[in-house]
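In the numbering used here, the protein residues as written are 322 to 1327.
Glycine included, each C-beta is placed from N, C-alpha and C at the ideal position.
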């Protein structure tokens, strides 16, 4: 677990101490954000939230009165949105799906796309990386958010930059409060796989005063949270083909053999401090000033690890495989340039053993390695806005606002890999081999990817040997100290003029201007050492020389599914220590290297490890200035006796951009290169609401928007990873934004005060598409089918030379430096479409209280989304992979159409709730169908995330009017996330076994 520094404790104490000086109001849930409107919320509209039904009614009322298509989620009480994680809160919205990392929601797709924007109180936010969507949902707790608004059809006032929608996170507005109140919440969360229980604390205080200088309101909120989440990720690569007659392990039919095995644990530990403050001053009815601040400090430590079985491609290991069972894998079809390509079926190894290949004095495989992955993120985000709203005349109102959003992040990394040297069987010999083998048993039947030591083999290491530091040697060290510094400064003026006297149908016109300057700076510091050469690395240190920083790995990898085969006994370098005190780990390893060098009897000395140095090729600085103006006419009236309202307008913008990178010659910076570009866009936007019958609304919307490219795709620099198969992305500063037209039509029937049934149709067409094109190096297979990718820096077979990549199995000459895939992003012709249907239902039984009694507290919420992609864009990727499996099966040169990632064709949410007698309970099941992931490629194709469902539940009870206790369960059924190669349900490559989390807490409100 991570330590809490004294400085962080002082920050939390100061934040909560400040809140204690104030008195807080009863929280009014008409928390209208500063969203571009110049009007104030009326006191008559103020609603005091208490329970699920009230929050649903308030949200439904806001949706109903909106002139465009929005979805709203209101907090049930102070700091109590439906879920703890903001991404999972948004999953309640029709048309929204989320992706998770180690079971925690970290990204949101609106109508099938990640290309969305996140705002706080209508102010743009910036993220910790190179993306454009804004602050991460991991960084901001749901406890500080009063309501969430998702705009699916933008108006002319809406800031550009979204394909799917704009997410506005709204905090409490001080002048909406009616009575002083103090609210606090204390919870403990237990994660079963990580075996931890950690705290979460939040408090909200505020007041509103009528003074001699007008109305003044203040709200201050603070939050401190720790979270420890884990996911088990077994991986099996079966992307190498064994042909009949090719060796002792061959069969009468071609089959996919075991290529790589990995027992992975993803473990992230979050420690987050958040604070929000809002001040509003209303000197008179015509003038208001406001100031908002949101502060976030988050430390996301990583203590992940991997147990790997590599070297299975060595011919002697392939010959030593005993495959006892096979399965038939249907690869399915590819969408090729000339029509579907049916890849047919192939056999794949399902169970068996892998013996040790080689003998003393030769290459010995398969190797057992343990890796400690500690790549972390430490982020400080700030959002400030200062503004005024002024009713200039009876007809003219004005709003002016200045805002600043910043995000500064450091990405410390001290990841290590150890080789296990099996004391049983063949031993390494200098100049011939530097590691040796372990016997393996595997059984992939029943959809469980399980494997472990073959205990029946005479060469199987014992538990004592696997836990003996002397049997481990340092194999690789990856250090990093990257940083990003992102910022947006903005100013805007908004005007609204009442035109109802001039034209009763056009009730008002809105117009305004916004300026913003956005910047992103990236610096990379790294030091990567691979001790794999059979001669120069012979004297690498063994674990007994640095045993004080070694720890046994967790032995509960069977806790999620009861598997029998796994690795319960192994050692690795303490990842928590490497994160907390990397200098101590570096010193311990260098002392071990010195001791090993002093004791050497043959071979050269091993160089000491250095601290990270700057990678000049990875630096970039991007600055972007945008001026935008808008005009919008707001309409309300009747057509043929039917009530009609809506708006029509346009937004015009001009952006100038400069991208700065380093010129490098012979490893030194010789100057900087600056690439400049600019673009203009006109964005028409139209919304219409018809009321053909009482309680029935028909909505229509047409809008154009843009999506700017991510900052790293605009850079003139590039960065290297340590993997031999990891592509190097090269930027393109000439990219222009994607343009998207959206068309919406929906019907809503409000058949009871808190009830709704709706159906909607949407269609999006995207042009100027971003497409990633990748050039792979030639595999250069040898006679045994093993990879021999070029290590020539000129890369004559394609790709780009990566000087720090570990060659691993991609070249028989061990060491670092090899040609790897080269990728870049381009605007391509054609269009991509996203078309779908959304259905929603909401109802409770409160109107039947006299008849049903206690049962009148029940209610249901449900939604369903269907969506598909299409369009004229025809970008294809080569489908084969480095081991040319498809070519060997008779499909050379196969290509597959590139489609949108993270888009599920089907998704639904179903919620059953109860709200009566002080008891609030909620049971929610969410499900989405399979989708293309953004994870690394296999067979030259992206991984497919299989369909997944998750059950969450909560129950809260009001002990008194001021005290509430509650319990929440997340992922109660422990839904797994399987990943498949080639196509959904084709070849199972990864399992994602996520943990179940239980939270219990106490809330007070006065």
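Environment of residue i [buried if 16+ CB atoms lie within 10 Å]
i: residue 859; result: buried
i: residue 921; result: exposed
i: residue 1286; result: exposed
i: residue 963; result: exposed
i: residue 1126; result: buried
i: residue 1193; result: exposed
i: residue 1195; result: exposed
i: residue 1313; result: buried
i: residue 988; result: exposed
i: residue 597; result: buried
i: residue 1238; result: exposed
i: residue 445; result: buried
i: residue 760; result: buried
i: residue 603; result: buried
i: residue 1091; result: buried
i: residue 360; result: Residue placement at residue 360 is flagged as unreliable, the pLDDT there being 34, under the threshold of 50; the coordinate-derived value follows with that caveat. Exposed.
i: residue 646; result: exposed
i: residue 364; result: Bear in mind that the predicted position of residue 364 carries a pLDDT of just 37, short of 50, making it too unreliable to give a figure here.
i: residue 934; result: exposed
i: residue 605; result: exposed
i: residue 779; result: exposed
i: residue 975; result: exposed
Which listed residue (the options) has its alpha carbon closest to that of residue i
i: residue 713; options: 1086, 817, 757, 888; result: 817
i: residue 774; options: 841, 834, 675; result: 675
i: residue 809; options: 394, 1113, 705, 634; result: 705
i: residue 584; options: 553, 597, 608; result: 553
i: residue 960; options: 938, 1003, 1011; result: 1011
i: residue 937; options: 914, 956, 990; result: 990
i: residue 1288; options: 381, 652, 1324, 1169; result: 1324
i: residue 1290; options: 1305, 1042, 508, 1274; result: 1274
i: residue 769; options: 885, 686, 665; result: 885
i: residue 412; options: 965, 471, 881; result: 471
Proximity below 9 Å, CB of residue i to CB of residue j
i: residue 690; j: residue 639; result: no
i: residue 1135; j: residue 662; result: no
i: residue 911; j: residue 892; result: no
i: residue 1023; j: residue 1064; result: yes
i: residue 1114; j: residue 1100; result: no
i: residue 549; j: residue 512; result: yes
i: residue 581; j: residue 669; result: no
i: residue 1184; j: residue 415; result: yes
i: residue 494; j: residue 599; result: yes
i: residue 980; j: residue 1058; result: no
For residue i, the first and last residue of its enclosing beta strand (DSSP E)
i: residue 669; result: 666-675
i: residue 1069; result: 1059-1073
i: residue 518; result: 517-532
i: residue 1080; result: 1076-1088
i: residue 385; result: Note, residue 385: premise wrong, no beta strand (DSSP E); alpha helix (DSSP H) at 373-386.
i: residue 656; result: 654-657
i: residue 1323; result: 1318-1326
Where the alpha helix (DSSP H) containing residue i begins and where it ends
i: residue 903; result: 903-919
i: residue 1196; result: Per DSSP, residue 1196 belongs to no alpha helix (DSSP H) and is neither H nor E.
i: residue 547; result: Where residue 547 is concerned, there is no enclosing alpha helix (DSSP H), although the beta strand (DSSP E) it sits in stretches over 535-558.
i: residue 786; result: 784-787
i: residue 1032; result: 1032-1035
i: residue 1159; result: Not the alpha helix (DSSP H): residue 1159 falls in the beta strand (DSSP E), residues 1153-1165.
i: residue 1207; result: 1206-1209
i: residue 420; result: Premise fails: residue 420 lies in the beta strand (DSSP E), 417-422, not in any alpha helix (DSSP H).
i: residue 411; result: 407-411
Residues bridged to residue i (per DSSP)
i: residue 847; result: 801, 934
i: residue 1302; result: 1308
i: residue 591; result: 548, 621
i: residue 739; result: 691, 795
i: residue 839; result: 809, 945
beta-carbon residue i near the ligand SAH non-hydrogen atom, thresh 8 Å
i: residue 1204; result: In terms of ligand content, the structure shown is empty, and the ligand SAH therefore cannot be addressed.
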